[in-house]
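In the working numbering, each residue carries its 1-based index in the sequence shown increased by 35.
Here's the structure, in structure tokens; my notes come after.
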Amino acid sequence: MGRVIRSQRKGAGGVFKAHTKHRKGAARLRPVDFAERHGYIRGVVKEIIHDPGRGAPLAKVAFRDVYSYKLIKQTFIAAEGLHTGQFVYCGKKAKLQIGNILPIGAMPEGTVVCNLEEKCGDRGRLARASGNYATVVAHNPDTKRTRVKLPSGAKKVLPSTCRAMVGLVAGGGRVDKPILKAGRAYHKYKAKRHCWPVVRGVAMNPVEFDIAAAGGDYGS
């Protein structure tokens, strides 16, 4: 009887778990509240940080608490051009500028956005990888829906109240630099998960993989 092959073992825990020890936490939009639904709220970018295992940098943004005298820090995925000390405005009446967060229904057609909500209030699900962006294609005021083009090229219709950050995700061009040597690939995947190095199935024994060479070299 043969073994359970690698592709079937993936997802069942063990060595395939994500390496999350040094990560900086979830990067999400603000929870939607009264200020965002009817006006805007202002925050300031405190720092831009690296998140191990993620290609895009993160931005720590401080907002004033609307109910008590304290600051609340949110972690956003940084848009290209965002810098420390910059004011970030979130809400329905925010201006259309890089780093601001507003409903896609309030953006003109052709706007480039990132960290886009798939459902209202889910705090960002689409176009989050480094260099990625979505494009607002068209609005339908009757159904209150907006058509967007995703990084894959697919078109998707979303509620116009879904929020997004203006601009594209920072860190673009990351995949253009060649890895060149095995040591860099080792450190890259050490921060992500155990998925490297990859042994070819045909190089294994027949008992370990279903397409392994039954006898002799493959293709001989």
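All C-beta atoms, glycine included, are put in the ideal place defined by N, C-alpha and C.
Considering just the uninterrupted stretch of the beta strand (DSSP E) at residue i, what are its terminal residues?
i: Arg-180; result: 180-184
i: Arg-41; result: Counting along the chain, Arg-41 falls outside any beta strand (DSSP E), though it belongs to the alpha helix (DSSP H) covering 41-44.
i: Tyr-124; result: 122-125
i: His-174; result: 169-175
i: Pro-87; result: Note, Pro-87: premise wrong, no beta strand (DSSP E); not H, not E.
i: Ala-97; result: 93-99
i: Cys-149; result: 147-149
i: Lys-190; result: 190-194
i: Pro-143; result: No beta strand (DSSP E) contains Pro-143, which DSSP labels as neither H nor E.
Which term fits residue i, buried or exposed, when burial requires 16 or more other beta carbons within 10 angstroms of its beta carbon?
i: Thr-178; result: exposed
i: Arg-38; result: exposed
i: Asn-175; result: exposed
i: Tyr-104; result: exposed
i: Ile-112; result: buried
i: Ile-230; result: The question names Ile, but residue 230 is Cys in the sequence shown. It is exposed - the Cβ of Cys-230 has fewer than 16 other Cβ atoms within 10 Å.
i: Val-80; result: buried
i: Ile-246; result: exposed
Check whether the Cβ of residue i lies closer than 7 Å to any heavy atom of the ligand FAD, and answer yes or no.
i: Lys-95; result: For the ligand FAD, the structure offers nothing, since it holds no ligand at all.
Quick check: the Cα distance between residue i and residue j, rounded to an integer number of angstroms?
i: Leu-137; j: Lys-128; result: 8 Å
i: Gly-78; j: Leu-106; result: 10 Å
i: Val-234; j: Glu-71; result: 50 Å
i: Pro-186; j: Tyr-102; result: 38 Å
i: Ser-165; j: Ile-40; result: 32 Å
Over what stretch of residues does the alpha helix (DSSP H) that includes residue i continue unbroken?
i: Arg-219; result: 217-225
Quick one: what's residue i bridged to in DSSP?
i: Phe-204; result: The sequence given here has Val at residue 204, not Phe. Partner(s): Ala-114.
i: Ile-136; result: Cys-125, Met-200
Unbroken alpha helix (DSSP H) runs of length 4 or more, entirely within the stretch 58-84: which are they? 69-73
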